[in-house]
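Remarks on the structure that follows.
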Amino acid sequence: MNVPAPITEKEADMIGLASMQATYAALEAICGDHFHDSYEKARIVFNKDGRFTTVMRDGQCVAHMAGRFSKQELRDALKGNIKDHGRYVAGKIKSILEQKLALPDTYLFRMDIEDDLRWVDSIRSRQFSAWVVPKVPDNDDPKQVRAEFRFWIAEARAIIFADKGKAWAWQHKAIVTDGLQHPKADTHEELAHLVADTFNKAVEHAGWD
Numbered sequence: 001m002n003v004p005a006p007i008t009e010k011e012a013d014m015i016g017l018a019s020m021q022a023t024y025a026a027l028e029a030i031c032g033d034h035f036h037d038s039y040e041k042a043r044i045v046f047n048k049d050g051r052f053t054t055v056m057r058d059g060q061c062v063a064h065m066a067g068r069f070s071k072q073e074l075r076d077a078l079k080g081n082i083k084d085h086g087r088y089v090a091g092k093i094k095s096i097l098e099q100k101l102a103l104p105d106t107y108l109f110r111m112d113i114e115d116d117l118r119w120v121d122s123i124r125s126r127q128f129s130a131w132v133v134p135k136v137p138d139n140d141d142p143k144q145v146r147a148e149f150r151f152w153i154a155e156a157r158a159i160i161f162a163d164k165g166k167a168w169a170w171q172h173k174a175i176v177t178d179g180l181q182h183p184k185a186d187t188h189e190e191l192a193h194l195v196a197d198t199f200n201k202a203v204e205h206a207g208w209d
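Position 18 of the sequence shown, counted from 1, bears residue number 18 in this note's numbering, the numbering being contiguous throughout.
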């Protein structure tokens with residue numbers, strides 16, 4: 001009998017992304033103006049096994065529920081799954097960026113995933129950010145570099161906002177351009193490497209001073 005090969009970490013992460021996209025779709029389908037829509041209209045399917053229910057959307061498992069539950073409890077479960085996935089991918093990204101970003105001693109890397117994830121509860125946020133900032137910010141310094149790396153929880157894509165110059169309008173210049181500011185990959189791990197490499201190359205060209 002042929003035993004299927006175990007899936008790789010990359011394959012598992014890609015499966016996780018597909019599930020998370022379905023989770024967001026399920027959440028949006030029962031929130032806001034859609035809160036009173038039927039589960040059928042929301043394309044949410046329940047597979048019951050005794051006391052436990054597997055919640056499906058678009059062929060993907062989006063939640064596991066125990067006993068009887070309300071729509072609000074399902075919403076909370078979906079948000080909880082999103083936040084758990086956000087912590088998982090953010091942990092990978094943070095570890096890679098901390099290792100790979102080539103920052104001088106006068107700069108620091110900053111990332112607060114819990115602060116970003118609180119917006120999942122209030123506005124069903126899909127994003128979180130990491131930052132490169134001067135240790136001693138000076139809005140009038142024409143040589144200072146600032147960067148935000150904005151990541152999507154359910155997609156392996158990002159936007160790089162990176163500039164050099166004074167912080168005031170029209171007095172700084174983007175250092176990541178020509179489409180490179182919109183990196184995409186198969187997984188968040190690959191994306192983090194791409195973001196770090198793109199920023200390092202750009203700031204090496206622009207200079208830190």
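A virtual CB, placed ideally from N, CA and C, is assigned to each residue, including glycine. Just so it is clear, the structure is predicted and the values come from calculations on it, not from any experiment.
Pairing residue 27 with residue 100, the inter-Cα distance amounts to about 35 Å. Taking 8 Å as the upper bound for CB-CB distance, residue 164 and residue 175 are in contact here, some 5 Å apart. The continuous alpha helix (DSSP H) containing residue 91 extends over residues 71–100. For residue 174, the three-state secondary structure derived from DSSP is strand. In this structure, the beta-carbon distance from residue 42 to residue 29 falls below 7 Å.
Per the DSSP secondary-structure output, residue 108 pairs in a beta bridge with 133. Around residue 209, the same chain offers 143 as residues with beta carbons nearer than 8 Å, after the five sequence neighbours per side are excluded. Only exposed fits residue 72, as fewer than 16 other CB atoms lie within 10 angstroms of its CB. Counting along the chain, residue 21 sits inside no beta strand (DSSP E); it lies in the alpha helix (DSSP H) bounded by residues 9–29. Among the bridge pairs identified by DSSP, residue 158 is matched with 151. Under the Cβ criterion (8 Å, minimum of three pairs), the segment 107–120 does not count as touching the segment 48–67. Partner residues in the beta bridge of residue 48, as assigned by DSSP, are 53.
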